[in-house]
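Asker:
Residue numbers (this note's numbering): 1452 to 1772.
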């Protein structure tokens, strides 16, 4: 009797546990697999630059500045150009100038961003905005710091805050490395001769030269040169101070060659002209502010360095006699 009762109790307990387990299976909802959390994607647009908000990647760009056109090509962004300035030597459609915008050409190009280095007239700006065309003004840089910002801003406007910034940084880093090498060579020259070379950067005869307020002066300064026009401004050296123009080196426009200077009353008697210490450069490269200007400065450095090597060789030869 006791065994039968014990068996009945055990059977009841097993049934109770089985029912409880079944009930749990019925009421418990299966767990849903967790959805993977997507990583934050980089946000390229909108980009705010110098008071202009560019909401999305441009379908196309018109450049009304030959300098910005060349810079876009240097940065690898030439493929998005749909039109250029009338002053630009390109097969792309001509879209006018900042002073005379060709609205029909811009509309036909399909571009929705115009970049320019000078301000447009208010009426022209308003009309472009009514055409749903953004306008970004990127003035010529006055310093190396501003040039870096210019490179980055142009990249961000055209290719986005992340991608464009990287493209601008890559170009600037390359520029800065080459500029640092030029600075080192200039210092080597000064150390060898125990003095910095005195120079003028002559754009036009007789007195239009890089003064202390110019971008070109800052390049000369970076290379360790002493600019004789440093104390003046607006590319104008005072005629009354012509006697001060006695540089050891003249950097001049391609058109201002040694034969030209030998006939010029201001420069024909200077030591730079007498000793053929004149280097001509492409002034357009400096106006455009692209890395092409470094090619010109490297030629200047080569000229000076070769002169130092010759002078040192002559000195060493004299000492050994």
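Idealized CB from N, CA, C, for every residue including glycine.
What's the C-alpha gap between residue 1531 and residue 1678?
Answerer: Computed Cα separation, rounded: 40 Å.
Asker: In this structure, what does DSSP give as the bridge partners for residue 1564?
Answerer: Looking at the DSSP assignment, residue 1564 forms a beta bridge with 1512, 1585.
Asker: Using beta-carbon positions only, say whether residue 1741 and residue 1515 come within less than 8 Å of one another.
Answerer: No. Outside cutoff.
Asker: Assuming residue 1661 and residue 1647 make a contact with CB atoms under 8 Å, what is their CB distance in whole Å?
Answerer: That pair is no contact at about 16 Å.
Asker: Which residues does DSSP pair with residue 1651 in a beta bridge?
Answerer: DSSP output for residue 1651 lists 1701 as bridge partner(s).
Asker: Any idea if residue 1567 is buried or exposed, counting beta-carbon neighbours within 10 angstroms, 16 or more meaning buried?
Answerer: Classification of residue 1567: buried, given that the 10 Å Cβ count is 16 or more.
Asker: In the structure shown, what three-state DSSP assignment does residue 1776 receive?
Answerer: Shown here, the chain extends from 1452 to 1772; a query on residue 1776 therefore has no answer.
Asker: With distances taken between CB atoms, is the gap from residue 1596 to residue 1560 smaller than 8 Å?
Answerer: No, these two residues do not count as a Cβ contact at 8 Å.
Asker: Grouping DSSP H, G and I as helix and E and B as strand, with all else coil, what is residue 1613?
Answerer: Residue state, collapsed to three classes: coil.
Asker: Going straight from the alpha carbon of residue 1569 to that of residue 1579, what length do you get?
Answerer: Each residue's Cα considered, the two are about 15 Å apart.
Asker: Please check the pair residue 1690 and residue 1658, which I expect to be a contact at CB under 8 Å, by giving their CB distance rounded to whole angstroms.
Answerer: Residue 1690 to residue 1658, Cβ: 6 Å. Contact.
Asker: Could you have a look at residue 1531 and say whether DSSP puts it in helix, strand or coil?
Answerer: Residue 1531 falls in the helix class under three-state DSSP.
Asker: In whole angstroms, what is the alpha-carbon distance linking residue 1499 and residue 1701?
Answerer: Distance between the alpha carbons of residue 1499 and residue 1701: 43 Å.
Asker: Going by the beta-carbon positions, is the gap between residue 1650 and residue 1676 smaller than 8 Å?
Answerer: Going by C-beta atoms, residue 1650 is nearer than 8 Å to residue 1676.
Asker: According to the neighbour-count rule (16 or more other Cβ atoms, all chains shown, within 10 Å of its Cβ), is residue 1747 buried or exposed?
Answerer: Buried.
Asker: Have a look at 1612, 1627, 1738, 1517 and flag the residue whose alpha-carbon is nearest the alpha-carbon of residue 1536.
Answerer: Among 1612, 1627, 1738, 1517, the Cα nearest to that of residue 1536 is on 1517.
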